[in-house]
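Below is one structure, written out as C-alpha cells, with a few remarks after it.
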Amino acid sequence: MTHARFCEFLSNRIAPFVIVLGTNEIASAVAARLTLEGCRVVLSHDPYPPVIRRGMSFHDALFSDHAEVDGIRGRRGETVVEIVGALTVTGVVAVTSLQLTDLIALRTPDVLIDARMQKCRMTTNLRNIASLSIGLGPQFAAGVNCDVAIETHPDHVGELVVESGETRPDDHVPRYLGGVGRGRFVYSARGGVWRTPLDIGSRIFKDYVIGLLDGHRVLSPMDGFLRGVARDGVVVPENVKLVEVDPRGRASSWTGSDERGRAIADAAYRVIAKSRLRCWARRPVSETYH
990 MTHARFCEFL SNRIAPFVIV LGTNEIASAV AARLTLEGCR VVLSHDPYPP
1040 VIRRGMSFHD ALFSDHAEVD GIRGRRGETV VEIVGALTVT GVVAVTSLQL
1090 TDLIALRTPD VLIDARMQKC RMTTNLRNIA SLSIGLGPQF AAGVNCDVAI
1140 ETHPDHVGEL VVESGETRPD DHVPRYLGGV GRGRFVYSAR GGVWRTPLDI
1190 GSRIFKDYVI GLLDGHRVLS PMDGFLRGVA RDGVVVPENV KLVEVDPRGR
1240 ASSWTGSDER GRAIADAAYR VIAKSRLRCW ARRPVSETYH
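When we follow our numbering, the leftmost residue of the sequence shown carries the number 990, and every step to the right adds one.
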C-alpha cells in the first residue's frame, strides 16, 4: 500500500467507510453486498455468540484462513496499516478483533451497522457515532438506539426496515430447513472450551461424536452435513448454538450468503442509498422501503 492511498483513505475522499459489528453470516452478507456497491467495509468481531455458520461468513479470516462470501474476500487486519491496506483493495473486506472504539480512532465511519445478533442482550446506543447508524434484529428501536432498525426474523423478510418504533423481540423459534427446526441444532449444555476435529461441510450421522465441550461429548442430533460448527478451541458460554446440521442431503449448502442474509443486506443497502448519503450509491435505487 502506498503512502498516497493511505492518506487518501484517512482524508475521507474515497468510498464511504462502513463499520459492521459482528462477523457472523448476517454481518458478512451485509458486508459483501456493500462492498459490491463500492463501500469500504471493516467487520469487528464480537465473541458472543460464537459464530457457527463459518462457511457463510468472513469469520475465519480472523485466523488468516481463506474466507469468501459471494465473491468478496475477507482479509485479517489487526493494525491500522493492515486494515487500511485491506480496504484499499477492490473486492476485499477487512476483518478484525479490534473494537469500535479502536476503529473510530482510525476514521469516523460514514455508516455503522450492528449485526452482532445479540438477541437477548442490551444493545449499545449507536446514534451520533456515524452519519447513519443501522441496527439489525431484536433490541433495536429507530430514533432511540439507532437511526434505522431492520427486522431479521425469517417470517418478516418483506418487512425489513423500521423507521420508527422497535423491531420484534426474539421468539426463540428457529426457522425450518429441510422440514426441521430446533432439532437440527445442538446448544451448549454448559460453558467451556470447545474441541472438534470436524469442519464445515463434514458428512455426519445421528449420534456421531462431533466434539467435546468442557470434556463432555457432543453428539449429532441427526444425519446430514455440518452447516454450522463453532471453531475448534473457542470458549463458548452456556445455552448458545454450537452445531447446526443441514438435513437436506444433496440440496445441503454451507457456503455463501443465503436468501435471508441477502434480503437483510439488500435492506441495509436500500437504507443507505435512500438516506442523505445516497450520492455514494454506485447506481440509483428506485424502490421504496417500509
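Every residue, glycine too, gets a C-beta built ideally from N, C-alpha and C.
Boundaries for residue 1059: no alpha helix (DSSP H) harbours it, and the DSSP string shows neither H nor E there. Going by beta carbons, residue 1041 and residue 1233 fall inside the 7 Å limit.
Here residue 1174 carries a strand assignment [DSSP, helix/strand/coil]. The residue from 1207, 1167, 1156 with its alpha-carbon nearest to that of residue 1196 is 1207. Residues 1182, 1183, 1184 of the same chain have their beta carbon placed closer than 8 Å to that of residue 1222, with the five preceding and five following residues left out of the count. The beta carbon of residue 1158 is closer than 6 Å to those of 1127 in its chain, skipping five residues each way along the sequence.
Within the DSSP secondary-structure output, residue 1014 pairs in no beta bridge. Distance from the CA atom of residue 1118 to the CA atom of residue 1241, rounded to whole angstroms, is 40 Å.
Selection 1155, 1212, 1219, 1154 evaluated against residue 1186 yields 1219 as nearest (Cα-Cα). Secondary structure note for residue 1083: its beta strand (DSSP E) is the uninterrupted segment 1081 to 1085.
Nearest to residue 1008 by C-alpha distance, out of 1121, 1036, 1080, is 1121. By alpha-carbon distance to residue 1156, the top candidate from 1061, 1230, 1134 is 1134.
A straight line joining the alpha-carbon of residue 1099 with that of residue 1245 spans about 26 Å. Per DSSP, the continuous beta strand (DSSP E) segment holding residue 1182 begins and ends at 1181 to 1184. The distance from the Cβ of residue 1029 to that of residue 1004 is about 5 Å, consistent with a contact at the 8 Å cut-off. Restricting attention to beta strand (DSSP E) runs no shorter than 3 residues, the stretch 1094 to 1120 encloses them at 1100 to 1103, ordered along the chain.
In this structure, the alpha-carbon of residue 1069 lies about 7 Å from that of residue 1095. When DSSP states are grouped into helix, strand and coil, residue 1052 belongs to the helix group. Look at the beta carbons and you see the stretch 1071 to 1084 touching the stretch 1047 to 1057: at least three pairs across the two are nearer than 8 Å. Taken in chain order, the unbroken stretches of alpha helix (DSSP H) that lie wholly in the stretch 1236 to 1271 and span 4 residues or more are 1248 to 1263.
Boundaries of the alpha helix (DSSP H) harbouring residue 1070: 1069 to 1076, taken from the DSSP string. Using a 10 angstroms sphere on the CB of residue 1228, the tally of other CB atoms stays under 16, which defines it as exposed.
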